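Here is the structure we will look at.
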Amino acid sequence: MSFGALSADEITALLLTLKVASVAVIVSLPFGIATAWLLARRRFPGHFLVDGLVHLPLILPPVVTGYLLLITFGRRGAVGAVLDHWLGLTFSFRWTGAALASAVMGFPLMVRAIRLSLEAVDRRLETAASTLGASPVMVFLTITLPLILPGIAAGAVLAFAKAMGEFGATITFVSNIPGETQTLSSAIYSYTQVPGGEAGALRLTLVSVALSLLALIASEALSQRLAARVAQ
Numbered sequence: 034m035s036f037g038a039l040s041a042d043e044i045t046a047l048l049l050t051l052k053v054a055s056v057a058v059i060v061s062l063p064f065g066i067a068t069a070w071l072l073a074r075r076r077f078p079g080h081f082l083v084d085g086l087v088h089l090p091l092i093l094p095p096v097v098t099g100y101l102l103l104i105t106f107g108r109r110g111a112v113g114a115v116l117d118h119w120l121g122l123t124f125s126f127r128w129t130g131a132a133l134a135s136a137v138m139g140f141p142l143m144v145r146a147i148r149l150s151l152e153a154v155d156r157r158l159e160t161a162a163s164t165l166g167a168s169p170v171m172v173f174l175t176i177t178l179p180l181i182l183p184g185i186a187a188g189a190v191l192a193f194a195k196a197m198g199e200f201g202a203t204i205t206f207v208s209n210i211p212g213e214t215q216t217l218s219s220a221i222y223s224y225t226q227v228p229g230g231e232a233g234a235l236r237l238t239l240v241s242v243a244l245s246l247l248a249l250i251a252s253e254a255l256s257q258r259l260a261a262r263v264a265q
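Numbering of the sequence shown is given in the numbering used here, commencing with residue 34 and proceeding in unit increments.
Here you go:
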């Protein structure tokens with residue numbers, strides 16, 4: 034069993050994983066902040082339903098989530114057909130679909146971290162800013178947003194780590210195409226299906242563990258730094 038350097042295909046899978054996870058977090062972050070604010074600050078008919086739908090990917094089998102994405106955002110899906118026809122945007126069996134699947138799976142973790150930060154904010158600070166004439170938008174941008182930055186950072190890193198390790202929803206939605214949709218997780222799976230693939234699977238497993246640890250360390254360091262700045 035040889036544990037040499039990463040092969041070209043393995044490096045491609047690594048870079049694609051980082052690309053997919055980064056795009057998933059960047060695109061979903063504004064929606065995560067808005068959803069967390071809605072759930073934390075507003076009570077409306079169907080609140081529990083929205084809350085349940087947001088967290089549904091955490092309890093559904095990932096394969097089910099991937100299949101729902103396929104029938105919704107596939108070329109013949111209700112949404113995918115429209116996007117393909119009018120915008121030329123295709124998700125199924127493309128890296129963009131892997132990013133979408135990763136974003137969906139990491140979204141509940143992101144929303145929960147941001148929501149907890151919002152619920153911890155002293156509402157009297159926001160009320161004071163409002164009485165001084167600040168608009169709701171300015172209150173959010175100048176008071177609320179700086180105070181919840183540690184939660185946003187934690188949520189983004191959690192979603193990033195989840196995206197890097199996503200497998201079930203991704204392989205169901207976009208398959209396992211080398212160079213296009215094959216991330217670290219699906220590459221490890223491919224190695225386990227062929228004789229003599231143990232070394233490659235172990236190499237990529239170690240890379241995945243290292244990346245996850247780095248993400249967690251970065252999240253903790255960033256959260257502490259932001260919390261210190263907010264406390265000043």
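Ideal Cβ placement from N, Cα and C applies to all residues, glycine included. None of the values given here were measured: they were computed from a predicted structure.
Reference residue i; option with closest CA among the options
| i | options | result |
| --- | --- | --- |
| Ser208 | Arg148, Val190, Phe124 | Phe124 |
| Ala131 | Glu199, Ile44, Leu89, Pro183 | Glu199 |
| Val242 | Glu253, Thr160, Ile221 | Ile221 |
| Val53 | Val97, Thr205, Ala192, Leu246 | Ala192 |
| Leu259 | Lys195, Arg236, Thr214, Pro179 | Pro179 |
| Leu142 | Phe206, Ile185, Ala232 | Ile185 |
| Gly65 | Gly139, Ala38, Leu91 | Gly139 |
| Ile295 | Glu253, Ala251, Val190 | Because residue 295 is not part of the residues shown, which for the chain are 34 to 265, the question remains open. |
| Thr205 | Leu89, Ser61, Ala69, Val97 | Val97 |
| Arg109 | Phe173, Pro95, Leu93, Phe126 | Phe126 |
| Leu51 | Gly233, Arg148, Thr129 | Thr129 |
| Arg148 | Thr105, Val87, Ala38, Pro169 | Val87 |
Residue i, enclosing alpha helix (DSSP H) - first and last residue
| i | result |
| --- | --- |
| Leu103 | 95-106 |
| Arg127 | First-last for Arg127: undefined, no H or E at that position. |
| Ile210 | Segment: none, Ile210 is in no alpha helix (DSSP H) and carries neither H nor E. |
| Ile221 | 217-225 |
| Leu182 | 182-198 |
| Phe81 | 80-92 |
| Arg156 | 156-164 |
| Val172 | 169-172 |
| Ser61 | 41-74 |
| Gly230 | Looking at the DSSP string, Gly230 is not in any alpha helix (DSSP H), and its letter there is neither H nor E. |
| Ala114 | 113-120 |
Whole-Å CB distance - residue i paired with residue j, under 8 Å assumed
| i | j | result |
| --- | --- | --- |
| Leu151 | Ala73 | 4 Å |
| Ala146 | Ala187 | 5 Å |
| Thr203 | Ser219 | 7 Å |
| Thr216 | Leu49 | 6 Å |
| Thr177 | Val144 | About 16 Å separates the two Cβ atoms, so there is no contact after all. |
| Ala136 | Ala248 | That pair is no contact at about 16 Å. |
| Gly99 | Gly107 | Between Gly107 and Gly99 the Cβ distance is about 11 Å, and since that is not below 8 Å, they are no contact. |
| Ala194 | Ser245 | 5 Å |
| Ala162 | Thr175 | 7 Å |
Cβ-heavy atom distance, residue i to the ligand SAH, below 8 Å
| i | result |
| --- | --- |
| Met143 | Inclusion of the ligand SAH in the displayed structure is not the case, the ligand content being empty and no account of it being possible. |
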